[in-house]
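Number of protein chains: 2
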Amino acid sequence: MTTEAKQSLDFEGDLRRAGIRITRPRRIILGILQETGDHPDAYEILRRASALDASISLSTVYRTMKLLEEHGAIQRHAFAGGPSRFEHTGEEHHDHLIDVETGDVIEFRSARIEKLQDEIARELGYDILHHRLELYGRKRRKN
Amino acid sequence: MTTEAKQSLDFEGDLRRAGIRITRPRRIILGILQETGDHPDAYEILRRASALDASISLSTVYRTMKLLEEHGAIQRHAFAGGPSRFEHTGEEHHDHLIDVETGDVIEFRSARIEKLQDEIARELGYDILHHRLELYGRKRRKN
DNA sequence: ATCGGTGCAAACCTTTTGCACACTG
DNA sequence: CAGTGTGCAAAAGGTTTGCACCGAT
Numbered sequence: 001m002t003t004e005a006k007q008s009l010d011f012e013g014d015l016r017r018a019g020i021r022i023t024r025p026r027r028i029i030l031g032i033l034q035e036t037g038d039h040p041d042a043y044e045i046l047r048r049a050s051a052l053d054a055s056i057s058l059s060t061v062y063r064t065m066k067l068l069e070e071h072g073a074i075q076r077h078a079f080a081g082g083p084s085r086f087e088h089t090g091e092e093h094h095d096h097l098i099d100v101e102t103g104d105v106i107e108f109r110s111a112r113i114e115k116l117q118d119e120i121a122r123e124l125g126y127d128i129l130h131h132r133l134e135l136y137g138r139k140r141r142k143n
Numbered sequence: 001m002t003t004e005a006k007q008s009l010d011f012e013g014d015l016r017r018a019g020i021r022i023t024r025p026r027r028i029i030l031g032i033l034q035e036t037g038d039h040p041d042a043y044e045i046l047r048r049a050s051a052l053d054a055s056i057s058l059s060t061v062y063r064t065m066k067l068l069e070e071h072g073a074i075q076r077h078a079f080a081g082g083p084s085r086f087e088h089t090g091e092e093h094h095d096h097l098i099d100v101e102t103g104d105v106i107e108f109r110s111a112r113i114e115k116l117q118d119e120i121a122r123e124l125g126y127d128i129l130h131h132r133l134e135l136y137g138r139k140r141r142k143n
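Chains as they are written, first to last, in the UniProt record's numbering: chain L, 1 to 143; chain R, 1 to 143.
So this is what it looks like as C-alpha cells:
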C-alpha cells in the first residue's frame, strides 16, 4: 500500500514536455476523462465533448485516445462484446467487476492476486507487462 | 475440486439432444475446434474448414460460433486488439498468458487465483458467472 | 414435407486514414 | 512560419443479417 498520492493531475504538462501540442479538443477530452468516474466509449466521450465544443469530431476522439494511451494517461478496456471503453489512469491500479445485468463497472484491487500473477508468470518464464482481470457477475440477492 | 473428468467429447450428442441439427458444416467446424490446440479466429477456422468443404461460408462459421458458445461448447476470447478467437471448452478451466512479441498464447491455471476471485466478488456482493484473466508478457531472458 | 440451416451479398458497427485546411508553439 | 492537429468523408476491419434456396429430421 503506502503508494504516495501522485499528483497525477498534470497530464497537460506531461504531454507538453513530451512535445505534444495542447489543442482545444485535447484539453476538452482530457478534462472529460479526468473528471468522469466511469468508463465511457468513444461515442460517449464525443457526446460529452460536443457539449463543450460542437465541432469536435469522432476521429479526434480516437486519435486522442491513441495518443493518451501511448503516453500512459489512459487505459483502453475491451469488455466482452462492445466497443473499447476508456479510463483515465489514476493513482492506483485496479481491476474490474462487470455487472452482467446492468453493465455497471465496479473497480476493485487485490494485492494478493497481483502477487500470484507475478509468481505464475515467473514460473512460466515471463515478465508481465500488463494484465487484464475482469469478473463478470450478477448481484447476489440475499436469500 | 474433484470435478470428475467429463467425457466432454460428445458435443454432437449434446447438441442433438438440445434440438440442434447436425449439418455437414457444423460437424466439420466442431471437429476443427475439438482437434486444435490453439485459439483460431473466425477466418482461420474458415480457412481450415474450407480445406474439407470448400463451400462453407464465413457467415456459417460465425453463426456456428454463436451457437456453440450459447451451448457452452466453446469460449470466445477477445484478446487486446484483434478479432475474437475461439477455443473449445475442455475439461478444466484455465487462463491465458499472451506473449506480446509473438502472439503465442500459453494456458495456465491457478486454483488460488480462482479462490481469491470468488472471495472478492462475494465481498462486493456478487456471484461470479465467469471471468477473464489475461497476462500480457515478454519472455524473460536469463541474465 | 417441414422448418431450420446455408451461401451470398449487403448492412452494420467500430476504428482508422487520406486529404486539405486550421491552429499551436 | 513550420509543422502538427483537425474535420470530413471514405475506407478498412470484424461481425451480423435478409433473403431465397437447400437439406436434416
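For each residue, glycine too, the CB sits at the ideal point set by N, CA and C.
Quantities reported herein were computed from a predicted structural model and do not represent experimental measurements.
**Study point:** Cutoff 9 angstroms: L/I120 Cβ touching any chain R Cβ
**Key:** Start at 1 with the first residue of the first sequence, and residue 120 of chain L comes out as number 120. Yes, its Cβ sits closer than 9 angstroms to a Cβ of chain R.
Exercise for review: Enumerate in chain order the residues of its own chain whose CB-to-CB distance from L/P25 is below 6 angstroms, with the five nearest sequence positions on each side excluded.
Suggested key: Here residue 25 of chain L refers to the residue found at position 25 when the first sequence is read from its first residue. Contacts found: I56 and T60.
Point to revise | Proximity to R/E134 [Cα-Cα], best of R/M65, R/F79 and R/E123 | key: One-based indexing of the second sequence puts residue 134 of chain R at position 134. Answer by Cα proximity: R/F79.
Review point. For the beta strand (DSSP E) that L/I74 lies in, which residues bound it at each end?
Key: For the purposes of this step, residue 74 of chain L is identified with residue 74 of the first sequence, where counting begins at 1. Run containing L/I74: I74 to H77, per the beta strand (DSSP E) assignment.
Point to revise | For L/R140, three-class secondary structure by DSSP | key: On the first sequence, position 140 is the one that residue 140 of chain L refers to. In this structure, L/R140 counts as coil in the three-state DSSP scheme.
Check your understanding: How about the region 104-122 of chain L and the region 62-76 of chain L: do they share at least three Cβ pairs that are nearer than 8 angstroms?
Key -> no
Review point. Can you name the residues of chain L whose CB is closer than 7 angstroms to the CB of R/I22?
Key: On the second sequence, position 22 is the one that residue 22 of chain R refers to. Residues of chain L passing the Cβ test: none, with the nearest at roughly 28 angstroms.
Exercise for review: Determine, using beta carbons only, whether L/Y136 comes closer than 9 angstroms to chain R.
Suggested key: Indexing the first sequence from 1 puts residue 136 of chain L at position 136. By this cut-off, L/Y136 is an interface position.
Review point. Under the three-state reduction of DSSP, which class applies to R/I113: helix, strand or coil?
Key: As a position in the second sequence, residue 113 of chain R is number 113, starting the count at 1. Helix at R/I113.
Check your understanding: Given L/A18, which residues of its chain have a CB within under 8 angstroms of its CB, disregarding the five upstream and five downstream residues?
Key -> Residue numbering aside, residue 18 of chain L sits at position 18 when the first sequence is read from its first letter. Answer for L/A18: H71, listed in chain order.
Practice item. Confirm, please, whether the CB-CB distance from R/D95 to R/F86 is below 9 angstroms. Key: Within the second sequence, residue 86 of chain R is the residue found at index 86, counting from 1. Within the second sequence, residue 95 of chain R is the residue found at index 95, counting from 1. Taking 9 angstroms as the Cβ cut-off, R/F86 and R/D95 do not qualify as a contacting pair.
Check your understanding: Cβ atoms of L/I28 and L/P40: under 9 angstroms apart, would you say?
Key -> Within the first sequence, the letter at position 40 stands for residue 40 of chain L. Within the first sequence, the letter at position 28 stands for residue 28 of chain L. Against a cut-off of 9 angstroms, the Cβ pair of L/I28 and L/P40 comes out as no contact.
Practice item. Measure the alpha-carbon distance for R/D14 versus R/K66 and round it to whole angstroms. Key: On the second sequence, residue 14 of chain R is found 14 positions in, with the first residue counted as 1. On the second sequence, residue 66 of chain R is found 66 positions in, with the first residue counted as 1. The alpha-carbon atoms of R/D14 and R/K66 are separated by roughly 16 angstroms.
Point to revise | 8 angstroms Cβ shell around R/T89 - same chain, five flanking residues per side excluded | key: Sequence index remark: in the second sequence, residue 89 of chain R carries index 89 (1-based). Within the same chain, R/T89 has close Cβ partners S8, G72, A73, I74 and Q75.
Practice item. Note down, one range per segment and in chain order, each alpha helix (DSSP H) of at least 4 residues found wholly within the region 22-74 of chain L. Key: 24-35, 42-52 and 58-70
**Study point:** Secondary structure of L/E119, DSSP reduced to three states
**Key:** Numbered from 1 along the first sequence, position 119 holds the residue referred to as residue 119 of chain L. The answer is helix: DSSP assigns L/E119 an H, G or I state.
Review point. Since L/F108 meets chain R, which of its residues come closer than 7 angstroms, beta carbon to beta carbon?
Key: The residue you call residue 108 of chain L lines up with position 108 of the first sequence. Those are I120 and L124, listed as they occur along chain R.
Exercise for review: Run down chain L in chain order and give the residues with a C-beta less than 7 angstroms from the C-beta of R/D105.
Suggested key: Counting from one through the second sequence, the residue named residue 105 of chain R turns up at place 105. Residue identity differs from the one stated: residue 105 of chain R is Val in this sequence, not Asp. The premise fails here: R/V105 is roughly 12 angstroms from chain L at the closest Cβ pair, so nothing lies under 7 angstroms.
**Study point:** Residue environment, R/T64, which counts as buried when at least 16 other CB atoms sit within 10 Å
**Key:** By 1-based counting over the second sequence, the position of residue 64 of chain R is 64. Classification for R/T64: buried.
**Study point:** Straight-line gap, R/L129 to R/H77 (C-alpha atoms, nearest Å)
**Key:** Within the second sequence, residue 129 of chain R is the residue found at index 129, counting from 1. Within the second sequence, residue 77 of chain R is the residue found at index 77, counting from 1. Rounded to the nearest angstrom, the two C-alpha atoms are 15 angstroms apart.
**Study point:** Length of the line joining the Cα atoms of R/G125 and L/L97
**Key:** Sequence index remark: in the second sequence, residue 125 of chain R carries index 125 (1-based). Sequence index remark: in the first sequence, residue 97 of chain L carries index 97 (1-based). R/G125 and L/L97: Cα-Cα distance of roughly 11 angstroms.
Exercise for review: Return the Cβ separation of L/A42 and L/L52 in integer angstroms, given the expectation that the two are a contact with Cβ distance under 8 angstroms.
Suggested key: Residue 42 of chain L sits at position 42 when you count from the first residue of the first sequence. Residue 52 of chain L sits at position 52 when you count from the first residue of the first sequence. No, L/A42 and L/L52 are not in contact; Cβ-Cβ is about 16 angstroms, not under 8 angstroms.
**Study point:** Rounded separation between L/T36 and L/H93 - CA only
**Key:** Walking along the first sequence from the start, residue 36 of chain L turns up at place 36. Walking along the first sequence from the start, residue 93 of chain L turns up at place 93. Distance between the alpha carbons of L/T36 and L/H93: 17 angstroms.
Review point. Looking at the C-beta of L/R140, does it have a partner C-beta in chain R at a distance below 9 angstroms?
Key: The count along the first sequence starts at 1 and reaches residue 140 of chain L at position 140. L/R140 counts as touching chain R.
Practice item. Determine whether the Cβ of R/R85 lies closer than 9 angstroms to any Cβ atom of chain L. Key: Position 85 of the second sequence holds residue 85 of chain R. No, no contact with chain L.
Review point. Do L/E114 and L/K139 have their C-beta atoms closer together than 9 angstroms?
Key: By one-based count along the first sequence, residue 114 of chain L stands at place 114. By one-based count along the first sequence, residue 139 of chain L stands at place 139. The answer is no: Cβ separation not under 9 angstroms.
Review point. Taking only beta-carbon atoms, is L/L129 less than 9 angstroms away from chain R?
Key: Mapped onto the first sequence, residue 129 of chain L falls at position 129. By this cut-off, L/L129 is an interface position.
Check your understanding: Helix, strand or coil: how does DSSP classify L/D95 here?
Key -> As a working mapping, residue 95 of chain L is identified with position 95 in the first sequence. Here L/D95 sits in strand by DSSP.
Point to revise | Backbone CA spacing between R/D38 and R/D104 [nearest angstrom] | key: Walking along the second sequence from the start, residue 38 of chain R turns up at place 38. Walking along the second sequence from the start, residue 104 of chain R turns up at place 104. For R/D38 and R/D104, the distance between alpha carbons rounds to 9 angstroms.
Point to revise | Contact with chain R by L/R112, beta-carbon distance below 9 angstroms | key: On the first sequence, position 112 is the one that residue 112 of chain L refers to. Cβ-Cβ to chain R under 9 angstroms: yes for L/R112.
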